[in-house]
Structures are given as C-alpha cells and as structure tokens.
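K.L.:
Sharing a structure below in structure tokens format, with a few things to ask.
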Amino acid sequence: MEFEQRDACLQICVLTTTRADYGIFRPLLSAFSADADLELRLAVSGTHLSEAFGMTVREIEADGFPIDAKIPILQRETDSSFGISCAMARAVEGFGAYFQERRPDLLVVLGDRYEAFAVCAAAVNACIPIAHLYGGETTEGAMDECFRHCITKMSYLHFTSTEAYRKRVIQLGESPARVFAVGGLSVENALHTDFLSPEQLESDLAFPLFSKPYVVTTFHPVTLEPGSAERQVEEMLAALAERTDLNFLITKSNADIGGQGINERLEDFAKRASHCHVVASLGMRRYMSALKYACCVLGNSSSGLTEAPSFGIPTVNIGNRQRGRIQAESVINCGPEKDEILRALERACSPDFRKTAAGAVNPHGGRNTAEEICKMIKDTLRSGEIDLKKKFYDISF
6 MEFEQRDACL QICVLTTTRA DYGIFRPLLS AFSADADLEL RLAVSGTHLS
56 EAFGMTVREI EADGFPIDAK IPILQRETDS SFGISCAMAR AVEGFGAYFQ
106 ERRPDLLVVL GDRYEAFAVC AAAVNACIPI AHLYGGETTE GAMDECFRHC
156 ITKMSYLHFT STEAYRKRVI QLGESPARVF AVGGLSVENA LHTDFLSPEQ
206 LESDLAFPLF SKPYVVTTFH PVTLEPGSAE RQVEEMLAAL AERTDLNFLI
256 TKSNADIGGQ GINERLEDFA KRASHCHVVA SLGMRRYMSA LKYACCVLGN
306 SSSGLTEAPS FGIPTVNIGN RQRGRIQAES VINCGPEKDE ILRALERACS
356 PDFRKTAAGA VNPHGGRNTA EEICKMIKDT LRSGEIDLKK KFYDISF
C-alpha cells in the first residue's frame, strides 16, 4: 500500500465508509480544509469502494476533497456474520498499515458501525487519539448499539448532538472536560445545502417523481432481530403497493447482515410497481433535495429522526432499529406490519399531522457545529495535553 508524501502541520485523518457518514461529514470536511493550521487526510473505505453500493467514492472525488487513501475491506458478501467479520479483519489490517505509514495527529470517526469500530481498534494499537462524533445515542434494535459504546471508550474527544447524549458519554466514564454537546452536522447540512430544483431532481432521477406527492424511503436490517429483514421489508412493500396515490423514492439498504436480501426485494418490487423508484445511493445533495420536497419519510434510517425534522416533514419510523433515540414531534413510530405501516402513513400525510411536523423542533439542532468541532479539535491538539492514559470518571448516584 502506497501513500502520497506531504508536509503537514496538524494532520487530521477523517474516516468515511458509507454514503451516510460522508453526507453528514461534509460541513466538517469543509471546515478542516479551510483551516490553514490543519491538513485533512481523508481515508475512504467500506461501501464507497463497492459498485454494488453505488461506488460513492465518485461523489467524494466530484466534491474535490483530497483522498489520502482508499482502503477496500468488502471482499466477501456482507450479508452474513462471517462476511462482516472478514470485513472487520481487513479493516484492522489495512488501517493498521495506513496508521503505521501516515501517523496522523488525530483520527475523526462518526457513528456506530462495525467498520468504524475496527478502524478505531487499529488506531488504539497505533496510539493515535480518536475524536468520536455522536456517542451516547442508543439504537436498541441494531448491533451498532454496542459498537458505538465501544468506540466511545476508545476515543479521547467526544462530540454529541444533545446534552442528554453528552451525559450518557460521561456515564460511560469519560471526563466531562472532553465531552461536548455541539448539535448535529446533519442539521447543518439540512440548513445550508445548495438544493437542486424540482426539475433538476426529477431529471437526475429519470423518474416522474413530482407526478404525485412522494415519500423518501429507506429500510435497513434490524441486526439484533436475526432473520427478520426479509419479512419486515415484505410487510413494508405490501403497504407501498396499496398506496398508488403516492410515489416512493427508495434508497437501498446498507452493508449489514441481511442488507443484500433487502436490496434484491426492493429491485424486484420496483420492476412491478410503476410508482416506486429504487436507487443505490442519492448522494448528499440529491438526498437533501429529495427531503426538501417530500411529503414524508418512511423506513428505519436515522435520517428520519435527525434530518427530516429540519425540513418540517413527517417521519414514519418502522420497527425497533432506531428505538431509544431522542425524537421530534414529527416522528410516528409503528410496528413492521403492513396494516400498522398503512395507518401510520395515512396519519403522516394528513393535514393535521403535516401541520404538527411543520412546527416541530429538531432536538438534534446546533449552531455552527462544524466550526465548533474544528476549533475544539485544533485547540486540544495545540495544547499538547492529550494523555491517552485516561482515568475513569466516576459519577455519584
């Protein structure tokens, strides 16, 4: 593995492995790039480098952010626990070599996925401090729950979206002096994206999206409910089949156990349902634009809880995948059964609830989040006070 050699001041490595984390990261990447005291080193891996998931590294290249390394880890199918374990092993090996060669001053990771967990393990072995975005959250239906808390314990700096999540990170034994509630970067994206016009969006999709009110739909496996993915997605698709008065813009599932089966069913369904359109990835700008004009969000993606409320649109949150997250008034929860989904969707599209959603406050909102995170990271690195021998912070009960 070869890496470009550069002179650097403070070298910040940012890990991106999925379309979701890259979209959230964009304002922070811009802040790092604009700061003369920092050198951004973007490490790209995971589904970004997979044709099956849309080869979304092209979006990063089109945005002009310099990529320091492309490290492929998805060698086997990710639809099994063994495939996920193989990807994690490749991530530890590949990023272990990267950290040995590049030695960044700090690794920045976001979220709770198995890829981030594996990369953080390699960083800990290399004694590279980690800044973790969005610990303290909880998703009771997904394996991400334990990965997130493990990443918290491996990290030195912590940036949470709410004060409640900040308190949870402290409850995990992290010093309050290193935990900051800064709001969600995804909210910053929602407020400052250069949106496509309806005409541009429809043209890009090559689908008559605006011929009816439309719903943005994403469904991921509920990884702590093994074997449930196929049944749950079939229930959702049965509900979609009955709502021919709506169009559905569906983005494919991620690289979790059961994701491949979901994607195959989505593609097969869309061939038979002219009011449904499936894409591997919309990219950040198209996705945000799609939310802006949508009548509703449907599925079990965190985006329905963190980003959709900023657009004043309802969210139908299906099942347990996001159970435990702080929610806005614009979110309707329902079980993964056809009839429950139909009832929730009918309520979400009603004038009364749309009015409620339009006035809802996004609990994940912040102010100048990217600039705050950038400044705190730079101040911490400049202070020279990073000590990876952390003491466990005890709280009084």
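Residue numbers for the sequence shown follow my numbering, beginning at 6 and rising by one. The beta-carbon is built from N, C-alpha and C at its ideal position, and this holds for glycine as well. Given the structure is predicted, the values throughout are model-derived calculations rather than measurements.
(1) Whole-angstrom Cβ separation of Y103 and A74, contact assumed at under 8 angstroms?
(2) Leaving out five residues before and five after V97 in sequence, what residues of the same chain have Cβ atoms less than 7 angstroms from its Cβ?
(3) Taking only the alpha-carbon atoms, compute the straight-line gap between G140 and R153 and give it to the nearest angstrom.
(4) Of all the options R236, S307, A246, L112, which has the alpha carbon lying nearest to the alpha carbon of I48?
(5) Is it true that the region 239-255 meets the region 196-216, where meeting means three or more beta-carbon pairs spaced less than 8 angstroms apart?
(6) Please classify R326: is it buried, with 16 or more other beta-carbons within 10 angstroms of its beta-carbon, or exposed?
(7) Mapping DSSP to helix, strand and coil, what is Q80?
(8) Mark V366 as exposed unless 16 or more other C-beta atoms lie within 10 angstroms of its C-beta, in which case mark it buried.
(9) Does the pairing of the region 232-242 with the region 63-71 give three or more beta-carbon distances under 8 angstroms?
(10) With three or more beta-carbon pairs closer than 8 angstroms as the criterion, would you say the region 269-278 touches the region 326-337?
(11) Rounded to whole angstroms, what's the CA-CA distance from A195 to Y398? Just pull it up for me.
(12) Going by other Cβ atoms of all chains shown within 10 Å of its Cβ, with 16 needed for buried, is R95 buried or exposed?
(13) Taking G99 as the reference, which of L20, C300, D110, E193 has the closest Cα?
(14) What is the rounded straight-line gap between the Cα of G101 and the Cα of A131?
(15) Please work out which residues of its chain come closer than 7 angstroms, Cβ to Cβ, to T385, disregarding the five sequence neighbours upstream and downstream, and give them in chain order.
(16) Using 8 angstroms as the limit for Cβ to Cβ distance, is R277 near chain C?
P.N.:
Quick look at the numbers:
(1) In the sequence shown, counting from the first residue as 1, residue 103 sits at position 98. In the sequence shown, counting from the first residue as 1, residue 74 sits at position 69. Indeed they touch by this definition, with Cβ atoms about 6 angstroms apart.
(2) Sequence index remark: in the sequence shown, residue 97 carries index 92 (1-based). Within the same chain, V97 has close Cβ partners A123, A126, A127.
(3) By one-based count along the sequence shown, residue 140 stands at place 135. By one-based count along the sequence shown, residue 153 stands at place 148. Looking at the two C-alpha atoms, the distance is approximately 6 angstroms.
(4) Reading the sequence shown from its first residue, position 43 is the one you call residue 48. Correcting the residue type first, residue 48 is Ala in the shown sequence and not Ile. The residue with the shortest Cα to Cα distance from A48 is L112.
(5) yes
(6) If you number the sequence shown from 1, residue 326 lands on position 321. Counting Cβ neighbours within 10 Å, R326 comes out buried, since at least 16 surround it.
(7) As a working mapping, residue 80 is identified with position 75 in the sequence shown. Coil at Q80, not helix or strand.
(8) Translated into the one-based positions of the sequence shown, residue 366 becomes position 361. So V366 ends up on the exposed side.
(9) no
(10) Not touching, per the Cβ criterion.
(11) By 1-based counting over the sequence shown, the position of residue 195 is 190. By 1-based counting over the sequence shown, the position of residue 398 is 393. Spanning the two alpha carbons is a distance of roughly 35 angstroms.
(12) For the purposes of this step, residue 95 is identified with residue 90 of the sequence shown, where counting begins at 1. Classification for R95: buried.
(13) Looking up residue 99 in the sequence shown gives position 94. Measuring from the Cα of G99, the nearest candidate turns out to be L20.
(14) Locating residue 101 in the sequence shown gives position 96, counting from the first residue. Locating residue 131 in the sequence shown gives position 126, counting from the first residue. Taking the straight line joining both Cα atoms gives about 7 angstroms.
(15) As a working mapping, residue 385 is identified with position 380 in the sequence shown. So the list reads L162, I391, once near-sequence residues are dropped.
(16) The structure shown has no chain C; it contains just one protein chain.
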